[in-house]
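Chemist:
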Amino acid sequence: MSDEPVPARPIIDLKSFTPARVALGRSGASLPTRPLLDFTLAHARARDAVHAAFDAPRLVAEVRALGLAATEVRSRAADRGDYLRRPDLGRQLDAGSAATLEGIAAAPCQLAVVIGDGLSAAAVHAHAARLLQSLLPRLAEEEAVAIGHVVVASGARVALGDEIGAIIGARMIVMLIGERPGLSAPDSLGAYLTFAPKPGLTDAERNCVSNVHKAGLSYDEAALKIAWLVREGLARQVTGVALKDESADRAPRRIGTAVPE
Numbered sequence: 000m001s002d003e004p005v006p007a008r009p010i011i012d013l014k015s016f017t018p019a020r021v022a023l024g025r026s027g028a029s030l031p032t033r034p035l036l037d038f039t040l041a042h043a044r045a046r047d048a049v050h051a052a053f054d055a056p057r058l059v060a061e062v063r064a065l066g067l068a069a070t071e072v073r074s075r076a077a078d079r080g081d082y083l084r085r086p087d088l089g090r091q092l093d094a095g096s097a098a099t100l101e102g103i104a105a106a107p108c109q110l111a112v113v114i115g116d117g118l119s120a121a122a123v124h125a126h127a128a129r130l131l132q133s134l135l136p137r138l139a140e141e142e143a144v145a146i147g148h149v150v151v152a153s154g155a156r157v158a159l160g161d162e163i164g165a166i167i168g169a170r171m172i173v174m175l176i177g178e179r180p181g182l183s184a185p186d187s188l189g190a191y192l193t194f195a196p197k198p199g200l201t202d203a204e205r206n207c208v209s210n211v212h213k214a215g216l217s218y219d220e221a222a223l224k225i226a227w228l229v230r231e232g233l234a235r236q237v238t239g240v241a242l243k244d245e246s247a248d249r250a251p252r253r254i255g256t257a258v259p260e
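For the sequence shown, the residue numbers in numbering that gives the first Met the number 0 are 0 to 260.
1) Taking the alpha-carbon positions, what's the V258 to R205 distance?
2) Between the alpha carbons of L135 and V49, how many angstroms are there, rounded?
3) Nearest-angstrom Cα distance between A195 and V149?
4) Please tell me whether S187 and V151 are closer than 9 Å, where the distance is taken between their beta carbons.
5) Work out the CA separation of Q109 and M171 for me, nearest whole Å.
6) Who pairs with N206 in a beta bridge, going by DSSP?
7) Going by alpha carbons, who is nearest to A155 out of D37, L242, G115, A60?
8) Nearest to R230 by alpha carbon, out of L138, L83, I176?
9) So if DSSP puts G177 in a beta bridge, which residue, or which two residues, is it bridged to?
10) By how many angstroms is the C-alpha of R20 removed from the C-alpha of V72?
11) Ends of the alpha helix (DSSP H) at A162?
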């Protein structure tokens, strides 16, 4: 083992590895003008992402163009103000939407996808259809897993997928939703996977694949992880803290194969 000291690297080198605000410099006791203006712009973009209008019909059309059945629903949050002030309303379907889903519910399906605006409609508009397009061939590999239905939900929180999945009889739900905007990524998309969805589940019973955006996880990388978790979750009949993402170094178990004790 060498005793030679590791050469120190200036902190400014970190700027080449992360979009985080490091090594900004200073002007007296304050930030220089350029980093201050960049921060102000990023903050404005994050706020705009939270309040941006959600174009659900556009998403429905994009999903149908991929050859999938799609239905539009909404939560009990009447408007964006309600959605932000009352997170509980975003976790429940309004009465009309619940009736709509009950009307289309047929034989139970292995997998359903819910696309919700969440806290960044901009993320959903930019990435949801493209991620779904990358996911479809991954799900078709080996033992194919078919998407039984896609539901596009306005005013949605993650847990809204639980009620949707229970109504349409899905063994597993993949929820694609806009994540809370950050100062370096106002358009980050997340995917939440829940086995045996039903109202009342907690986040401990879900898996999450997050940070899908231009400077984050690519569509292909995210689709690989999601497809692996879908197959493994269906095989083990579990998601959440009991299911670790090992997609990088393990093949998924065949659906229906017993889990060793």
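Every residue, glycine too, gets a C-beta built ideally from N, C-alpha and C.
Values in this document were obtained by computation on a predicted structure and should not be read as measured data.
Modeler: This is what the structure holds:
1) Taking the first residue of the sequence shown as 1, we reach residue 258 at position 259. Taking the first residue of the sequence shown as 1, we reach residue 205 at position 206. Low per-residue confidence applies at V258: pLDDT is 38, beneath 50, and the placement is therefore not dependable enough to give any value.
2) Against the sequence shown, residue 135 aligns to sequence position 136. Against the sequence shown, residue 49 aligns to sequence position 50. Approximately 29 Å between the Cα atoms of the pair.
3) In the sequence shown, counting from the first residue as 1, residue 195 sits at position 196. In the sequence shown, counting from the first residue as 1, residue 149 sits at position 150. Roughly 16 Å separates the two Cα atoms.
4) The residue given as residue 187 occupies position 188 in the sequence shown. The residue given as residue 151 occupies position 152 in the sequence shown. Not in contact: S187 and V151 (Cβ atoms no closer than 9 Å).
5) One-based indexing of the sequence shown puts residue 171 at position 172. One-based indexing of the sequence shown puts residue 109 at position 110. So the alpha carbons of these two residues sit roughly 6 Å apart.
6) For this step, residue 206 is matched to residue 207 along the sequence shown. Note: N206 sits in a beta bridge opposite L192.
7) As a working mapping, residue 155 is identified with position 156 in the sequence shown. It is G115.
8) For the purposes of this step, residue 230 is identified with residue 231 of the sequence shown, where counting begins at 1. When only C-alpha atoms are compared, the closest one is L138.
9) As a first step, residue 177 must be located in the sequence shown, where it is residue number 178. DSSP output for G177 lists L188 as bridge partner(s).
10) In the sequence shown, residue 72 corresponds to position 73, counting from 1. In the sequence shown, residue 20 corresponds to position 21, counting from 1. If you take the alpha carbons of V72 and R20, they lie about 39 Å apart.
11) As a working note, residue 162 is residue 163 in the sequence shown. The question names Ala, but residue 162 is Glu in the sequence shown. That run of the alpha helix (DSSP H) goes 159-167.
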